[in-house]
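First to last, the sequence lines map onto chains D and F. Numbering of the first sequence is given in this note's numbering, commencing with residue 630 and proceeding in unit increments. Numbering of the second sequence is given in this note's numbering, commencing with residue 48 and proceeding in unit increments. For each residue, glycine too, the CB sits at the ideal point set by N, CA and C. Fair warning: this is a prediction, and the values are worked out from it, not measured in the lab. Here's the structure we're looking at; comments come further down.
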Amino acid sequence: MSIRPLLFVGIVVAVMVVFAACQSRDAKTADWTEQEIAVLRSLSLDSLQALPPDPSNAVADDVPARRFGERLFFEPRLSVNNGISCATCHQPIRYFSDGLPRGQAIGTSERNTPSIIGTAYSPWMYWDGRRDSQWSQALSPLEDPNEQASNRIRIVRQIANDPSYREQYEALFGTLPAIDDRERFPDIAGAAVGEEWRAAWSSMTEEDRRAVNRAFSNIGKAIAAFERSIMPSVSRFDKYVAGLSDNDPAAATLLTTDEIFGLRLFIGKANCTQCHNGPLLTNHEFHNTGVLSSPGELPDIGRAAGVREVIKNPFNCGGHYSDDPERRCSELEFVRTGPELIGAVRTPSLRNVEFTAPYMHKGQIATLAEVLLHYNEAPDSMIGHNEAKPLDLSGRELRQLEAFLRTLGGQADSYQSESM
Amino acid sequence: MKWTSIRFLVVLSLSVLLPQVVAAHGGVVEEDDLCVIKVSYLRAHFKVYQPRVSGHEQFCEDLPIASESVFVMEYLHDSLATMPIDFRIIRDVTGKGRFARMEDIEKIDDLDSATVFYQAATIEQDVFTVIHDFADEGDFIGIVSATQPDTKKVYAAVFPFEVGFTGFGYWPLFVAALIVLQLQYLLMSGRFKRWFSRQRSAVLAALCGCFVLLAPVDTIVAEEAELRVTYSTPSGPLEINRIHSWVLHVESNEGLPVENAQISVEGGMPEHDHGLPTRPRVTEELGGGDYRLEGMRFHMRGYWEIVVTVVTDRGSTVIIIPLQL
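If you want it as structure tokens, here you go:
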């Protein structure tokens, strides 16, 4: 009988102790160890090194080329219906993405439109890495039947026939090849690369094909010169890390308690930095994470097919159209192939991730919360092998992780515009 | 009389036109919890998904409802990656149900009208997948044929399955009998007792903490190797996500440089079950036991092991370089 009040008091005291412990844990969130601060710094934009040169593109860092490339990037006449430019899918205001599961241009793109921000640092382009430079990537949508659906002869002719473009081109790359002769350089009515195009192309001489390819690759190199300037801008997370490094007490207030807990999970228990590491929050590598196939489609082969394509692509780093006489192509030369790449796709940057939904290579997952649930479960992959392991995070932890991911946003259209 | 002779002619012409199907006893079986399709002796991991209704759940043969279904064959036998494979699903018109075999399929007069899905032969280098949206539930038969490109021999697997599978037939009884037999075996053989005592000692050891303290630290030293390998990185300290070169220095235990060695390098993260993201190679012997190793790149922080195999005329030595990034 007398034991009951005692028990009650005991329970109350226990609850208070636990509560106090939680409170003090909250207060200590900002206590990072030196080692943790080093990890945080490695993820901060302040650690982003100078952009490495791209010797395969002689005009990569050339200002007039960037100016020319910027015009081309926004030029809808480079598409078969004069209505689709690079910027149709890579919209500056949407962090150079489009907010759709897949790009919508002439048709529907094969995969989700990735952001261009910071891709100049990546050795591989596309979800499956089927191109190895920004300039060779820029050429593909121009001829993709679902994207701009044009072809290289038509595009080179358009540049040649527009006095202002012609002037910009020739100032950078010298005289355009004379391709007026419709016998030697056929006009393809259907435009996009298909059967008719292939037949016409193979009827041309090797020399003429090379002349067109050279001019076409130059157009890609100008677009790449512009794309190289598209860099991430400072996020709340970066400011927080800068404050921590300077021992600025105001820094602690830049992130909420939940966001700081989320950050702890991000660099710890949630294993995110295994792939989302470095200041761009990507390792630029290919991983199978067991994402479900898209409705009505087969599971995506991913990198296993992409690596075969980049090796045989005539515009790759080792190809005829590279500007590097020494063909320094370590990434291509030492590239890994093999069955572990089945179903693997490129790790996307997490910068601005809050604003680049939907997610995954086919835009299969609509929200960040669902993406985190997927990684928490890490189900077996439909094809190949899921490299991720189940995380066993609680609902609260998942919400904290999501809160942290929302601190990674910067300004949308942060690039150096050369146009007035 | 006339009818019979026409049929005879059809069968005869078919048997001439169609390549001979050899070893037609392939099918889908479960082996060690893995669903395996045997296309004759060629084996592949077989699984079916209904991603729209059951997400990542795998099925071996029978499918719960009529829905979009993705059939996956992951080759366990490499030669399947070079063979044209075709895939057909028919309604079960054989009347043989679960016991339908290739012989029964060959007897079907009009295979096309029974066919609900057909994918013509294609070579898939990585993994073979097909997708079919079943309109109706019912009994079906899958037929997979792979053609050996040189000999033109055709290998086939036939697997009857049900869509809208709800019943379990005699399976529960069979499983129960297996469990009883296994338990009986464990009890009689004394294995269970041994297992129990082992568990108990392990638990006790863990509880008193000695287990953890006494466990040997897993360091990797190439003590038995006759060679020593060290590395340096001319481009500065190691960092992730940047391709770079190493200089490997190989010397004997006496400190003499090892020259003219054939060196190959692999590596990976043992805790994460994956290798290096690149395929590095020794590209140049620099003299004095130094070798240039190009194409090194790490894409994650953590514990890596670089496995260096050095082949000299005295034999082959494997040395593991542990790295904490």
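Residues near residue i by beta carbon distance below 6 Å, same chain, minus five either side
i: D/Q652; result: Confidence is the limiting factor: at D/Q652 the pLDDT is only 45, short of 50, which leaves the residue's position unreliable, though a coordinate-based value still follows. Excluding positions up to five away in sequence, the list is empty.
i: F/A373; result: Beyond the ends of chain F as shown, which are 48 and 372, falls residue 373 of chain F; an answer cannot be given.
i: F/R344; result: I290, P324, T325
i: F/I137; result: A161, T162, I188
i: D/P815; result: A829
i: D/W764; result: N686, G849, K850, A853
i: D/A650; result: With a pLDDT of 48 at D/A650, under the threshold of 50, the modelled position of this residue cannot be trusted; read the value that follows with caution. Nothing meets the Cβ criterion.
Chain-order list of residues whose beta-carbon lies under 8 Å from that of residue i (same chain, five-residue window excluded)
i: F/S38; result: Lying outside 48 to 372, the shown extent of chain F, residue 38 of chain F is not represented and no answer is given.
i: F/P25; result: Residue 25 of chain F is absent from the structure shown; chain F starts at 48 and stops at 372.
i: F/L261; result: Summary for F/L261: the model assigns pLDDT 31, below 50, so the residue's position carries little reliability, and this model does not support an answer.
i: D/P682; result: A689, D690
i: D/S673; result: F866, D867, V870, A871, P908
i: F/V174; result: V119, M120, E121, Y122
Run of the beta strand (DSSP E) containing residue i, from where it starts to where it stops
i: D/S846; result: Taken as a continuous stretch (DSSP letters only), D/S846 belongs to no beta strand (DSSP E), being part of the alpha helix (DSSP H) at 835 to 856.
i: F/T277; result: 274 to 279
i: D/M754; result: Where D/M754 is concerned, there is no enclosing beta strand (DSSP E), given that its DSSP letter is neither H nor E.
i: F/M120; result: 115 to 122
i: F/C82; result: 81 to 86
i: F/F206; result: 201 to 210
i: F/E108; result: F/E108 -> no beta strand (DSSP E), and no H or E assigned at all.
i: D/G891; result: Where D/G891 is concerned, there is no enclosing beta strand (DSSP E), although the alpha helix (DSSP H) it sits in stretches over 886 to 896.
i: F/E298; result: 291 to 299
i: F/D133; result: 132 to 138
i: F/W351; result: 350 to 359
i: F/R90; result: 89 to 96
Extent of the continuous alpha helix (DSSP H) to which residue i belongs
i: D/G698; result: 692 to 702
i: D/I940; result: 932 to 941
i: D/K868; result: 865 to 874
i: D/P1097; result: The structure shown has nothing for residue 1097 of chain D, since chain D only spans 630 to 1049.
i: D/R786; result: 781 to 790
i: D/Y1004; result: 997 to 1006
i: D/E962; result: 959 to 962
i: F/P369; result: Looking at the DSSP string, F/P369 is not in any alpha helix (DSSP H); the run it does join, the beta strand (DSSP E), is 362 to 371.
i: F/D151; result: 149 to 153
i: D/W826; result: 824 to 831
i: D/C904; result: From DSSP, D/C904 is part of no alpha helix (DSSP H); its letter is neither H nor E.
i: D/R811; result: Taken as a continuous stretch (DSSP letters only), D/R811 belongs to no alpha helix (DSSP H), as it is neither H nor E.
i: D/L669; result: 663 to 672
i: D/T717; result: 715 to 718
i: D/L1027; result: 1024 to 1034
i: D/D675; result: No alpha helix (DSSP H) holds D/D675; DSSP gives it neither H nor E.
i: F/A161; result: 158 to 161
Contacting residues, own chain, Cβ-Cβ under 7 Å from residue i (five flanking each side not counted)
i: D/T1036; result: S864, R865, F866, L884, E888
i: F/E209; result: D109, D186
i: D/A934; result: D757
i: D/A656; result: Residue placement at D/A656 is flagged as unreliable, the pLDDT there being 41, under the threshold of 50; the coordinate-derived value follows with that caveat. Contacts found: none.
i: D/R932; result: D757, G758, F915, L970, A973, V974
i: D/A840; result: P806
i: F/A308; result: V297, V357, V358, T359
key: Positions along the stretch 810 to 834 of chain D whose CB lies within less than 9 Å of some CB in chain F   = none
task = Return the chain-ordered ranges of every alpha helix (DSSP H) run that is complete within the stretch 164 to 190 of chain F and spans a minimum of 4 residues.
result = none
ask   = Which full runs of the beta strand (DSSP E) of 3+ residues lie inside the stretch 312 to 337 of chain F, going along the chain?
value = 328 to 334
ask   = If contact means a Cβ-Cβ distance below 9 Å, which residues of the stretch 168 to 197 of chain F contact chain D?
value = E171, Q172, D173, V174, T176, V177, I178, D180
request  = Report the residues of the stretch 282 to 304 of chain F with a CB closer than 7 Å to any CB of chain D, ordered along the chain.
outcome  = I287, N288, I290
query = Just checking, does the stretch 806 to 818 of chain D make contact with the stretch 828 to 845 of chain D on the three C-beta pairs under 8 Å criterion?
reply = yes
request  = Give, in chain order, every residue of the stretch 960 to 988 of chain D whose Cβ lies closer than 9 Å to some Cβ of chain F.
outcome  = E960, E962, F963, V964, R965, T966, G967, P968, E969, L970, I971, G972, T976
ask   = Taking Cβ-Cβ distances below 7 Å as the criterion, which residues of the stretch 905 to 917 of chain D are in contact with chain F?
value = N906, G907, N912, H913, E914
query = Three or more beta-carbon pairs under 8 Å between the stretch 1018 to 1025 of chain D and the stretch 866 to 878 of chain D, yes or no?
reply = no
task = Answer yes if the stretch 768 to 787 of chain D comes into contact with the stretch 733 to 744 of chain D, meaning at least three C-beta pairs across the two stretches below 8 Å, and no otherwise.
result = yes
query = With contact counted as at least three CB pairs below 8 Å, one residue from each stretch, are the stretch 780 to 800 of chain D and the stretch 738 to 758 of chain D in contact?
reply = no
inquiry  = Using 8 Å as the cut-off, can you tell me whether the stretch 887 to 905 of chain D makes contact with the stretch 948 to 959 of chain D, which would need three or more C-beta pairs spanning the two stretches below that distance?
reply    = no
request  = With 8 Å as the C-beta to C-beta threshold (strictly closer), list the residues of the stretch 121 to 148 of chain F near chain D in chain order.
outcome  = E121
request  = Compile a chain-ordered list of the residues in the stretch 77 to 104 of chain F whose CB is closer than 7 Å to at least one CB of chain D.
outcome  = Y96, P98, R99, G102, H103
key: Cβ contact check for the stretch 85 to 94 of chain F and the stretch 195 to 203 of chain F: 3 or more pairs under 8 Å   = yes
Residues from the stretch 314 to 333 of chain F in contact with chain D, defined by Cβ distance under 8 Å = H319, D320, H321, G322, L323, P324, T325, R326, P327, R328
query = For the stretch 343 to 364 of chain F, which residues have a beta carbon sitting closer than 9 Å to at least one beta carbon of chain D?
reply = M343, R344, F345, H346, M347, R348, G349
key: Where the stretch 922 to 933 of chain D meets chain F: residues whose CB sits under 8 Å from a CB there   = S922, P924, G925, E926, L927, P928, I930, A933
Interface residues of the stretch 994 to 1011 of chain D facing chain F [CB-CB below 9 Å] = E1006, P1008, D1009, S1010, M1011
Against chain D: residues of the stretch 104 to 117 of chain F by CB proximity under 8 Å = Q105, E115, V117
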